[in-house]
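4 protein chains.
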Amino acid sequence: MTSSPAGRGRPRDERSGAAIMKAAGELLMENGYAGLSIGAVAARAGVGKDTVYRRWSGKPELVYEAVFTAADTADVPDTGVLEEDLAAVVQSLIDEFSAPPAAAALPGLLADFAATPELRATIRSRFLRPARERLVVVFDWAEQRGETGADLPVDLVLDTLAGAVFFHLGIVGERPGPDLAQRIARVAAKGIEAR
Amino acid sequence: MTSSPAGRGRPRDERSGAAIMKAAGELLMENGYAGLSIGAVAARAGVGKDTVYRRWSGKPELVYEAVFTAADTADVPDTGVLEEDLAAVVQSLIDEFSAPPAAAALPGLLADFAATPELRATIRSRFLRPARERLVVVFDWAEQRGETGADLPVDLVLDTLAGAVFFHLGIVGERPGPDLAQRIARVAAKGIEAR
Amino acid sequence: MTSSPAGRGRPRDERSGAAIMKAAGELLMENGYAGLSIGAVAARAGVGKDTVYRRWSGKPELVYEAVFTAADTADVPDTGVLEEDLAAVVQSLIDEFSAPPAAAALPGLLADFAATPELRATIRSRFLRPARERLVVVFDWAEQRGETGADLPVDLVLDTLAGAVFFHLGIVGERPGPDLAQRIARVAAKGIEAR
Amino acid sequence: MTSSPAGRGRPRDERSGAAIMKAAGELLMENGYAGLSIGAVAARAGVGKDTVYRRWSGKPELVYEAVFTAADTADVPDTGVLEEDLAAVVQSLIDEFSAPPAAAALPGLLADFAATPELRATIRSRFLRPARERLVVVFDWAEQRGETGADLPVDLVLDTLAGAVFFHLGIVGERPGPDLAQRIARVAAKGIEAR
DNA sequence: AAATAATCGAGACGGTACGTCAGGTCTTAAA
DNA sequence: TTTAAGACCTGACGTACCGTCTCGATTATTT
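Chains as they are written, first to last, in the working numbering: chain A, 822 to 1016; chain B, 822 to 1016; chain C, 822 to 1016; chain D, 822 to 1016.
Structure (structure tokens):
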């Protein structure tokens, strides 16, 4: 959210922003990403359209913030086994991508981000940073245990894991079976282990 | 394409359909998926809007057909090594997804498909069938060579490979390095090989 | 009204145009000129805004046509007396300006016309042409009878008569007493008669 | 202008009011009446919007005061001839109506006044009082000289003179030729003279 | 000196209207 | 029956103003 500039003038009412976020989440689940309009969000939030545009530059930014707010700073547990550590990382991606508003928003949201150069450059940092940080940690542990070599292609693996989850859930639309994270992690762990 | 209902009346002019496909591909590369409108396609093709709607039910179907027309029936070469076979499969996905009109269309197109129940069900068959057929063959060879066990999760692996390629190219927007297929295939091959 | 270009395409539905005119007249009397919006006219007419903009370039043109449609081609009667002839001309101006929708529209409408160079140039021809034609005839008769000289300043007299009626009715808002035309005509007739 | 309610609190800064008047006059000439917004006036004056609304109730009142401030208390000269006296009155109307900011403001301003019942009632006193006072004096002289009878319809003549000037200059937009006042006065004088 | 109160610039607030554009349907005359 | 053309209704877009309100700060009068 763009922070209010300086201390001058009437400060923004936090309740407006909160009402907008709430309305956006609801409409997202009711009508999907394509069926969500800024005007409808404003109307349901009991707010003028300007009040939305003052805070967010457009639908993608608004929906991104409405959906991906969970801080998700939990540390990945050190299980001592690469495959299990990876499973935890994949599970966090699944949790992030399959929450109801996220599932409704993701394909359209990523499409809009991908279509806009400025937004496209932010996709990794916005959607994948927590997972990437965890992955770096997990890779570090695995290297110290000798399970993997150094110089693992973090971003490529991350894209693969995220792509697998996104494609499986978001596009093809399968429900996330309870062992999905484990199955993906098993292949990935074996794939990147040293010999 | 919807086939012309046989029989009476003036037959459809095949040149109209071809002009529409051509115009759609051009506009896709100029303005992207979101910036393509049926009206603009019709105008550039020198055709009435009805002539478009008579053949395709809407933008997703139209763009899908304009972009994914290549038959792509080439057999995957039997290299005798799982990793190499997989690399060929991944390369075919890369080729399919990174062709200029496809790259411009894919994120938005998949989002529209995913948002429509009837279309969502057809994603695998429309975008992944050739790759899936190749993957089945490759897995069959590998099993016969003893490199892998039976009962490999074809669809999950397919989603993973496709998701990796799509996310890496379509969303994050990296150019496909010449060794991308090989790198993905290496991890995947090791991941699914029998111990 | 802009006439539909050539014979190609679907012809405009005359009922739409008529419904727009009717709605505009009603809203004008209910809310006045400033309170009339194109969107409200379209909504009441059961028509899309485009259908309005396709026919009229904006509110001034729309309201002008909605209000000043009466052909008003009646000839001015030859009474044989300048003052009486002028009274008939003035009365036609009063009738034109004091009809309920016209009275509601005139001040704002003329202001918008005056503020737009292209429209400003058309004020005389749009609002005063019938009166001017009558005035020319009346002056011609008067000259032939010897009541006046030649070279009367038609436009200045016309502006004076119209200004008097407009200012008296439209701005100051007096009801048009039954002898108003006569009173204005008396002064004007005396004013322009030859000694 | 609403006078500052005496007494407590910080007194109004007279420079703010002056800056607002100045900004309003400038913007009026740059953008016309319709193109003038309170927000823009406040911004150019370096003032908050409330500082404007605290002093004036809205655009019409603000513009009226910005434009029609000239006291114009000069006495009409007694020329001894009705036509010449009238010419002076008409000339004062021309001067008032054709000053650049007034010319830009008048049609829209009068339309807004006419559209608001409370304001409409004040039009004569606001815009025509000086001219009316002069006209009464001039008629008085003329009656004493025997040029006219008593009981001249002051308001009707005034509306006619003002309407003629307003319509000729403000609406139709002619530049005021140097003899305009004389030409109008000649007709009017003859029109109201006793036989 | 302290309390009270109105003003100041700034700008957020909920609304309304703007004029444009796309979607998908329908209606014409011509082929 | 299809064709090109284009009108049709719906509804969203992002912007501009409206007139009100809420800030912190300032400047006066009243205790």
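Just so it is clear, CB atoms sit at the ideal spot from N, CA and C, and this is done for glycine as well. Since we're looking at a predicted model, the values are computed, not measured.
Determine, using beta carbons only, whether residue i and residue j come nearer to each other than 8 Å.
i, j, result
"A:E1014", "A:E968", "yes"
"A:G853", "B:A936", "yes"
"D:R955", "C:V993", "no"
"C:D893", "C:P951", "yes"
"B:P881", "B:L914", "no"
"C:L977", "C:V910", "no"
"B:G846", "B:A887", "yes"
"A:F918", "A:L990", "yes"
"B:K870", "B:I859", "yes"
"C:A864", "C:I841", "no"
"D:A942", "D:L903", "no"
With a CB to CB cut of under 6 Å and the five nearest residues on each side skipped, what residues in its chain are close to residue i?
i, result
"A:W877", "L883"
"C:E995", "H989"
"C:G970", "A1015"
"C:D933", "P881"
If we define contact as Cβ-Cβ less than 8 Å, is residue i a contact residue for chain C?
i, result
"D:D916", "no"
"D:P1017", "In the structure as shown, chain D begins at 822 and stops at 1016. Residue 1017 of chain D is therefore absent and cannot be evaluated."
"D:V993", "yes"
"D:A861", "no"
"D:R1004", "yes"
"D:G984", "yes"
"D:G1012", "yes"
Classify residue i: buried if its beta carbon has 16 or more other beta carbons within 10 angstroms, exposed otherwise.
i, result
"C:E1032", "Any property of residue 1032 of chain C remains undetermined from this structure, which presents chain C solely from 822 to 1016."
"C:G879", "exposed"
"B:R836", "exposed"
"A:D906", "buried"
"B:Q965", "exposed"
"A:V868", "buried"
"D:P999", "exposed"
"D:M822", "Below a pLDDT of 50, predicted positions are generally treated as unreliable, and D:M822, at 43, falls in that range; the measurement from the model is reported next regardless. By the neighbour-count rule (16 or more Cβ atoms within 10 Å), D:M822 is not buried but exposed."
"A:A895", "exposed"
"C:A926", "buried"
Tell me whether residue i sits in a helix, a strand or coil according to DSSP, three-state version.
i, result
"B:Y854", "coil"
"A:E835", "helix"
"D:G828", "coil"
"A:V862", "helix"
"C:P951", "helix"
"D:F889", "coil"
"D:G869", "coil"
"C:S878", "coil"
"C:T900", "coil"
"C:R996", "coil"
"C:T894", "coil"
"C:G967", "coil"
"A:P928", "helix"
"B:T1023", "The shown model of chain B, from 822 to 1016, leaves out residue 1023 of chain B, and the question about it has no answer."
"C:L982", "helix"
With a threshold of 8 Å between beta carbons, is residue i in contact with chain D?
i, result
"C:T943", "no"
"C:D980", "yes"
"C:A1009", "yes"
"C:A932", "yes"
If you measure from the beta carbon of residue i to each beta carbon in chain A, is any gap under 8 Å?
i, result
"B:G929", "yes"
"B:P997", "no"
"B:A909", "no"
"B:A839", "no"
By Cβ distance, which residues of its chain are closer than 7 Å to residue i, with the 5 residues on each side in sequence left out?
i, result
"C:A839", "none"
"D:L979", "L949, A952, R953 and L956"
"A:L973", "F960 and I1013"
Counting only the same chain and skipping the five closest in sequence on each side, list residues whose C-beta sits under 8 Å from that of residue i.
i, result
"C:Q921", "For the sequence presented, residue 921 of chain C should be read as Pro rather than Gln. Cβ neighbours of C:P921 beyond the five flanking positions: M850."
"C:V975", "R953, L956, V957 and F960"
For residue i, would you say it is in contact with chain B, using Cβ-to-Cβ distances shorter than 8 Å as the test?
i, result
"A:R966", "no"
"A:F987", "yes"
"A:G853", "yes"
"A:L977", "yes"
"A:G970", "no"
Does the beta carbon of residue i fall short of 7 Å from some heavy atom of the ligand NAD?
i, result
"C:K1011", "Ligands are entirely absent from the displayed structure, and the ligand NAD is therefore not among its contents."
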